[in-house]
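Residue numbers (the numbering used here): 60 to 122.
In structure tokens:
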């Protein structure tokens, strides 16, 4: 289910059932997942992206 105009991005080398609902399907080749994560983190840091609301307070959570 999509909420508030969110898009579904599936990152999986296989064509799983969820892919038919996805807006984007990234079929990574073996061993490229680290490169993807590094690229995503680079963009997040470069653009100074932060979650400003809805972040749970983990300091008070009991595990």
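From the three backbone atoms N, C-alpha and C, an ideal C-beta is built for every residue, glycine too.
Reduced DSSP category for residue i - H, G, I as helix; E, B as strand; rest coil
{"i": "residue 87", "result": "coil"}
{"i": "residue 68", "result": "strand"}
{"i": "residue 81", "result": "coil"}
{"i": "residue 96", "result": "helix"}
{"i": "residue 74", "result": "coil"}
Rounded C-alpha distance that separates residue i from residue j
{"i": "residue 89", "j": "residue 73", "result": "11 Å"}
{"i": "residue 71", "j": "residue 87", "result": "6 Å"}
{"i": "residue 92", "j": "residue 76", "result": "20 Å"}
{"i": "residue 62", "j": "residue 108", "result": "21 Å"}
Integer Cβ distance of residue i from residue j, believed to fall under 8 Å
{"i": "residue 69", "j": "residue 84", "result": "5 Å"}
Distance CB(residue i)-CB(residue j) smaller than 8 Å
{"i": "residue 82", "j": "residue 99", "result": "no"}
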